[in-house]
Amino acid sequence: MHQVKAVVARAKGQPVELTTIHVPDPGPGEALVQVQACGVCHTDLHYREGGINDEFPFLLGHEAAGVVEAVGEGVTEVSPGDFVVLNWRAVCGECRACKRGDLQYCFNTHNAAQKMTLEDGTELSPALGIGAFAEKTLVAAGQCTKVDPHARPAAAGLLGCGVMAGLGAAINTGGATRGKSVAVIGCGGVGAAAIAGAALSGASPIIAVDIDLAKLETATKLGATHTVDSSQSDAVAEIKAICAQYYEGAEGADVVIEAVGRPETWKQGFYARDLAGVLVLVGVPTPEMTVPDLPLLDVFGRGGALKSSWYGDCLPSRDFPMMIDLYQQGRLDLDAFVTEEIGLDDIESAFEKMHHGNVLRSVVVF
Numbered sequence: 017m018h019q020v021k022a023v024v025a026r027a028k029g030q031p032v033e034l035t036t037i038h039v040p041d042p043g044p045g046e047a048l049v050q051v052q053a054c055g056v057c058h059t060d061l062h063y064r065e066g067g068i069n070d071e072f073p074f075l076l077g078h079e080a081a082g083v084v085e086a087v088g089e090g091v092t093e094v095s096p097g098d099f100v101v102l103n104w105r106a107v108c109g110e111c112r113a114c115k116r117g118d119l120q121y122c123f124n125t126h127n128a129a130q131k132m133t134l135e136d137g138t139e140l141s142p143a144l145g146i147g148a149f150a151e152k153t154l155v156a157a158g159q160c161t162k163v164d165p166h167a168r169p170a171a172a173g174l175l176g177c178g179v180m181a182g183l184g185a186a187i188n189t190g191g192a193t194r195g196k197s198v199a200v201i202g203c204g205g206v207g208a209a210a211i212a213g214a215a216l217s218g219a220s221p222i223i224a225v226d227i228d229l230a231k232l233e234t235a236t237k238l239g240a241t242h243t244v245d246s247s248q249s250d251a252v253a254e255i256k257a258i259c260a261q262y263y264e265g266a267e268g269a270d271v272v273i274e275a276v277g278r279p280e281t282w283k284q285g286f287y288a289r290d291l292a293g294v295l296v297l298v299g300v301p302t303p304e305m306t307v308p309d310l311p312l313l314d315v316f317g318r319g320g321a322l323k324s325s326w327y328g329d330c331l332p333s334r335d336f337p338m339m340i341d342l343y344q345q346g347r348l349d350l351d352a353f354v355t356e357e358i359g360l361d362d363i364e365s366a367f368e369k370m371h372h373g374n375v376l377r378s379v380v381v382f
């Protein structure tokens, strides 16, 4: 048993608490990871606000990188000393999706069987089955993806959630590639990563849409060829006009990525597509939101595909090492997503900065 410092959300809407927790030694199929860095994601705030479920207390944090300290019986994926990025999709290998070769859609992903606890024995619910706002955490070994140990932990850990979600929405879900145009609506952390993914794929033009000029400036640095301030102009008309300059007869973008998660912006994305274009929803909506009214003839007549992207349709064992290699080669600027490095006792202030929208990621560094 290990006693470590960690950040816990005890009750809905209450400030988080830095406290001591107990982390068990790894059992069969489990790994104990010494956390080196963990990003502060909106999902952690959703947990604190009761927006995920009410299984308090929560051990927050999930965008993490660290070093495997120990493994349990039967673990072959990783060994003590390995530098790993943590993921929340440890595939089972046995479900329908896995057996047909679609491991990225595994229907039965799993987490550590043992529970981490407060000092009084109260069981903790780890965020996304990880719980990495802690000096050490216990996960299923399949949640550990071994990557190049020379990568900067603060940057590498962001692949664990938001950055991979955006990169994957462009590359895996949207199929961005050379000869295709891409528009991204909403350029926060996930949208900015979608811009970077589109640039990595060779797509052009890459159009960033937002109402925040600072976010549009960041999008340009990450590869956007054009920006649209949708508070000042019609985003759909602007996207159509830009794409028509590149490809004769184009009536919109080949791939539109909606990274806000609102009906209004999803509808913009629907009409900003070219004929047979793809609309990807990667922004997370709230439960009460519904698809806006659309003439069914428009759905039929425009063709193409309306997709949702969960975790960027990524397979961590395939995508994380590849993205880290691209980062090490200087082709993917993961450092650009690290706005600030903070301590474990700075989580509440990081949540407050999210509300103002002036950070891509605050990253806890141990």
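17 is the number of the first residue of the sequence shown in my numbering; add one for each residue after it. The beta-carbon is built from N, C-alpha and C at its ideal position, and this holds for glycine as well.
Taken atom to atom, the span from the alpha-carbon of V294 to that of V87 is near 43 Å.
Beyond the five residues adjoining it in sequence on each side, N69 comes within less than 6 Å, by CB distance, of no other residue in the same chain. By the neighbour-count criterion, in which 16 or more other beta carbons inside 10 Å mark a residue as buried, A214 falls on the buried side. Per DSSP, the unbroken beta strand (DSSP E) holding G55 starts and ends at E46 to G55.
For E85, the three-state secondary structure derived from DSSP is strand. The alpha-carbon separation between T125 and F149 amounts to approximately 22 Å.
In this structure, G145 sits near Q159, with a CB-CB distance shorter than 8 Å. Boundaries of the beta strand (DSSP E) around K152: K152 to A156.
Rounded to the nearest whole angstrom, the C-alpha separation of G202 and P44 is 42 Å. Note on geometry: alpha-carbon atoms of A275 and M370 lie some 16 Å from one another.
Within the stretch 307-341, the complete alpha helix (DSSP H) segments at least 4 residues long are 312-318, listed from N- to C-terminus.
When DSSP states are grouped into helix, strand and coil, A199 belongs to the strand group. L174 counts as buried, since at least 16 other C-beta atoms from the protein chains shown sit within 10 angstroms of its C-beta. Below 8 Å, too few C-beta pairs join the stretch 180-190 and the stretch 248-261 to call them touching: fewer than three. Taking all protein chains shown into account, N374 has fewer than 16 neighbouring C-beta atoms within 10 Å of its C-beta and is therefore exposed. Per DSSP, the beta bridge partners of T133 are H38 and E139. Annotation for F286: L295 place their beta carbon closer than 6 Å to its own, counting only its chain and skipping 5 residues before and after. According to the DSSP secondary-structure assignment, Q344 is paired through a beta bridge with no residue.
In the DSSP annotation of this structure, the continuous segment of the alpha helix (DSSP H) that includes I255 starts and ends at A251 to Y262. Note on geometry: alpha-carbon atoms of G204 and R168 lie some 22 Å from one another. Residue pairing for V206: DSSP places it in no beta bridge. In the structure shown, F149 adopts coil according to DSSP, grouped into three states.
Note that the C-beta distance between T35 and Q19 is not below 8 Å. For K21, the secondary structure class from DSSP, reduced to helix, strand or coil, is strand. In the three-state DSSP reduction, L295 falls in the strand class (E or B). Under the three-state reduction of DSSP, V101 is assigned to strand. Between the alpha carbons of E264 and I223 lies a distance of about 17 Å.
Comparing alpha-carbon positions, the option among Y327, Q30, T189 and G97 lying closest to Q52 turns out to be G97. In this structure, the straight-line span from the alpha carbon of V381 to that of A321 is close to 40 Å.
Cβ neighbours of V307 within its own chain (closer than 8 Å, five residues either side excluded): P279 and W282. Contact between P42 and L154 holds, with the beta-carbon distance rounding to 6 Å and staying under 8 Å. The beta carbon of Y262 sits closer than 8 Å to the beta carbons of S197, S220 and P221 from its chain, once the five residues preceding and following it are set aside; these are given in chain order. Ranking R289, V163, G176 and H242 by CA distance to the CA of G317 puts R289 first.
Exposed is the label assigned to T92, since fewer than 16 other Cβ atoms lie within 10 Å of its Cβ.
According to the DSSP assignment, E364 belongs to the alpha helix (DSSP H) that extends over I363 to H372.
Annotation for K28: no alpha helix (DSSP H) segment contains it, and DSSP assigns it neither H nor E.
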